[in-house]
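Undergrad: Before we start, here is the structure in question, set down as structure tokens.
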Amino acid sequence: MDHAEFWLGNQNSSVSLLHQLNNRLHYLLSSAEKSSADRLFTALATSTQNPETLLNISRGVGTQAPPQYGDVGVVAAMGYIALLESNDIDSATAASVRIDPVLVSEDPYKDDPITRPQTYWYHNSLESSQKVHIERIRYGKSWAKQVDPEESKKVGEGIYKRAQRLAAMLRTTQALESFRSFRCIGVYHRAEEKHLGLTFELPKQDEHLVRLYKVLRWRKGGAESIPPPDVDDKYCLANVLSSSLHRIHLSGWLHKDLNPMNVVFSHPNKFAWKDVDYSKPYIVGFDHSREHNPEEYTEGPDESMALGYHHPAYRTGSRRFQKSFDIYSLGLLLLSIGLWSPIVEDLRERYPEAPSEELARKYIGLCDTKLPKSTSRRYCDAVKACLELALNDTIEETDTMSAFRTKVIDEIAKLNS
């Protein structure tokens with residue numbers, strides 16, 4: 000029997016005793032000694048290889064533990080994911096998408112995150128490497144706060160299996176054309192950094208990515224002046240993105256973070272982006288994606304998301320993410336494309352104290368005031384319908400999706416024909 004199993008044989012009393020003893024020790028130690036003691040306590044408490052014990056550690060630590068126990072639940076979560084990986088809880092899927100984390104490394108050149116995602120390398124053999132795109136599915140503190148051991152087990156397995164299924168779906172040859180995503184090579188687990196890494200092929204090794212957000216911020220005559228596309232290019236881009244989101248939903252998944260930072264283009268020039276092919280966008284940012292299932296684990300809004308593009312009800316945490324929330328994000332994306340401006344950021348700067356519901360009304364108002372100066376009436380109506388459908392919580396989801404198809408996707412497609 001190992002350290003953790005011995006102490007957790009009687010879970011409640013043992014963990015309580017550990018807390019009392021360690022608190023007394025902290026009272027006597029200097030600041031430097033406390034840091035060393037914390038690291039040792041974490042290492043000893045999580046040295047077990049028993050999955051059930053690791054889950055019980057998280058429960059024993061609880062949500063109101065003193066600061067010195069903060070890493071224990073997280074390290075236990077790391078260990079549990081590693082054990083799930085080694086035990087192949089979904090072996091058929093895991094074997095086909097698993098990547099050894101030592102084969103993935105970050106490019107030493109740090110890219111401007113506003114311009115493009117960070118470049119990584121996948122060393123698929125001793126002789127060759129390829130540039131890849133990485134999306135990190137992070138875990139740790141939120142999961143470690145789970146008190147119920149059965150719920151904690153369910154969450155851990157859910158996070159791991161979801162990553163495997165998502166990687167398997169995005170590695171199919173249909174993913175590129177259907178979802179406009181990069182082809183997923185597989186997924187790795189890097190325990191020391193507390194994340195699972197979705198690893199994607201880039202479309203062309205000799206080209207560079209640029210985010211839609213970057214090209215939206217063009218300024219006439221500026222050092223990085225990027226002329227806006229003509230209206231037909233805007234319609235083409237809008238058509239591809241709206242159709243792709245629809246197909247993601249039909250596949251049973253939710254994207255959960257659609258915004259201009261998560262739409263990228265591949266371009267031959269690293270620092271000048273004239274003549275971008277707007278007919279070939281790629282959707283990234285699947286690290287928050289989950290299946291559209293009420294039983295699926297979800298943590299709610301996350302600080303890493305572009306929350307300004309999220310539905311007001313989701314931002315408050317009052318409702319689970321649903322398809323209409325993706326549609327709302329798409330509506331803001333379509334509005335930004337029509338105006339060719341990061342309008343969400345611009346309005347937030349202008350009205351920093353405005354609640355998200357008030358901003359939503361302003362976005363809809365722009366479809367009747369400012370947007371008609373840049374695009375056709377049909378496009379304006381489609382964008383307005385997209386936002387209004389997403390904000391209407393009085394109709395069933397099936398009716399929302401049907402109206403989304405006829406009032407948004409089909410109408411924008413007519414502009415692109």
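Following numbering that gives the first Met the number 0, the numbering of the sequence shown begins with 0 at its first residue and continues without gaps.
By construction, the Cβ of each residue, glycine as well, lies at the ideal position given by its N, Cα and C atoms.
Since this is a predicted model, take the numbers as computed values, not measurements.
Would you tell me roughly how many angstroms separate the C-alpha atoms of Y119 and I133, rounded to the nearest one?
TA: Rounded to whole angstroms, Y119 to I133 spans 7 Å at the Cα level.
Undergrad: Can you give, in chain order, each stretch of the beta strand (DSSP E) that sits fully within the region 314 to 360 and has at least 3 residues?
TA: Those beta strand (DSSP E) runs which fall completely within the region 314 to 360 and span 3+ residues do not exist here.
Undergrad: Run through the region 179 to 250 for me and flag every whole alpha helix (DSSP H) of 4 or more residues, listed as ranges in chain order.
TA: With a minimum length of 4 residues, the continuous alpha helix (DSSP H) runs that stay inside the region 179 to 250 are 211 to 215 and 230 to 249.
Undergrad: Taking the CB atoms as reference points, tell me whether F264 and D276 lie closer together than 8 Å.
TA: Contact flag set, yes.
Undergrad: Over what stretch of residues does the beta strand (DSSP E) that includes F270 continue unbroken?
TA: That residue, F270, is in no beta strand (DSSP E); it is neither H nor E in DSSP.
Undergrad: With distances taken between CB atoms, is the gap from P280 to R179 smaller than 8 Å?
TA: Closer than 8 Å, so yes.
Undergrad: Any idea if D392 is buried or exposed, counting beta-carbon neighbours within 10 angstroms, 16 or more meaning buried?
TA: By the neighbour-count rule (16 or more Cβ atoms within 10 Å), D392 is not buried but exposed.
Undergrad: At a cut of 8 Å, does the region 322 to 336 reach the region 254 to 262 through at least three beta carbon pairs?
TA: Taking 8 Å as the limit for Cβ pairs, the verdict is that the region 254 to 262 does touch the region 322 to 336.
Undergrad: Which residues bound the beta strand (DSSP E) around K424?
TA: With the chain covering 0 to 416 only, the question about residue 424 has no answer from this structure.
Undergrad: Does the beta-carbon distance from Y187 to P100 come in below 8 Å?
TA: Cβ distance < 8 Å, so Y187 and P100 count as in contact.
Undergrad: Leaving out the 5 sequence neighbours to the left and right, which residues in its chain are closer than 6 Å to K130 when beta-carbon positions are compared?
TA: T118, L201 and Q204.
Undergrad: Taking the straight line between their C-alpha atoms, what separation do you get for W252 and E290?
TA: So the two alpha carbons sit approximately 4 Å from each other.
Undergrad: Label G364 either buried or exposed according to how many other C-beta atoms from any shown protein chain fall within 10 Å of its C-beta, with 16 as the threshold for buried.
TA: So G364 counts as exposed.
Undergrad: Out of A384, R377 and Q321, state which residue places its alpha-carbon closest to the alpha-carbon of E396.
TA: Nearest of A384, R377 and Q321 to E396, Cα basis: Q321.
Undergrad: Over what stretch of residues does the beta strand (DSSP E) that includes E105 continue unbroken?
TA: V103 to E105 is the span of the beta strand (DSSP E), which, as asked, contains E105.
Undergrad: Would you kindly report the start and end of the unbroken beta strand (DSSP E) that includes Y121?
TA: From DSSP, the beta strand (DSSP E) with Y121 extends over Y119 to Y121.
Undergrad: Leaving out five residues before and five after A384 in sequence, what residues of the same chain have Cβ atoms less than 6 Å from its Cβ?
TA: If we look at A384 and ignore the five residues flanking it on each side, its Cβ neighbours are K406 and V407.
Undergrad: Please work out which residues of its chain come closer than 6 Å, Cβ to Cβ, to I158, disregarding the five sequence neighbours upstream and downstream, and give them in chain order.
TA: So the list reads Y138, once near-sequence residues are dropped.
Undergrad: S401 lies in the alpha helix (DSSP H); which residues open and close that run?
TA: Counting along the chain, the alpha helix (DSSP H) containing S401 begins and ends at E396 to F403.
Undergrad: Rounded to a whole number of angstroms, what is the C-alpha to C-alpha distance between V230 and G330?
TA: In a straight line, the C-alpha of V230 is about 17 Å away from that of G330.
Undergrad: With burial defined as no fewer than 16 other Cβ atoms inside 10 Å of the residue's Cβ, what is the status of Q48: buried or exposed?
TA: Any reading at Q48 needs caution, since the residue's pLDDT is 49, under 50, leaving its predicted position unreliable; the model's value is listed next. The residue is exposed, with fewer than 16 neighbouring Cβ atoms inside 10 Å.
Undergrad: Report back the beta-carbon spacing between G316 and E344 to the nearest angstrom; my notes put them in contact at under 8 Å.
TA: G316 to E344, Cβ: 22 Å. No contact.
Undergrad: Compare the beta carbon distance of S417 and L165 with 8 Å and say whether it is the shorter of the two.
TA: There is no way to answer for residue 417, as the model of the chain reaches only from 0 to 416.
Undergrad: So, with DSSP's three-state summary, where would you put I98?
TA: Coil, per DSSP.
Undergrad: Hey, could you find the ends of the alpha helix (DSSP H) H411 is sitting in?
TA: Residue identity differs from the one stated: residue 411 is Ile in this sequence, not His. Its alpha helix (DSSP H) spans residues D409 to N415.
Undergrad: Going along the chain, which residues of its own chain have a beta-carbon closer than 6 Å to the beta-carbon of L195, five neighbours each way excluded?
TA: Around L195: I136, A162, V186 and H188.
Undergrad: Please report the Cβ distance between I411 and N238, rounded to the nearest whole angstrom; I am assuming they are in contact, meaning their Cβ atoms lie under 8 Å.
TA: 5 Å between Cβ atoms; contact.
Undergrad: Find out if the Cβ-Cβ distance for the pair R347, R210 is shorter than 8 Å.
TA: Result no, Cβ atoms of R347 and R210 do not sit closer than 8 Å.
Undergrad: Around the Cβ of D325, are there at least 16 other Cβ atoms within 10 angstroms (buried) or fewer (exposed)?
TA: Under this definition D325 is a buried residue.
Undergrad: Spatial neighbours of D106 within its chain, please: C-beta separation below 8 Å, excluding the five flanking residues on both sides.
TA: Closer than 8 Å at the Cβ level, and outside the excluded window around D106, lie Q117, T118, Y119, W120 and K130.
Undergrad: So, helix, strand or coil for A64, using DSSP?
TA: Any answer about A64 is weak, because its pLDDT of 46 lies below 50 and its placement is not dependable; what the coordinates show is given next. Here A64 sits in coil by DSSP.
Undergrad: In or out: P341 buried (at least 16 other Cβ within 10 Å) or exposed?
TA: By the 10 Å Cβ count, P341 comes out buried.
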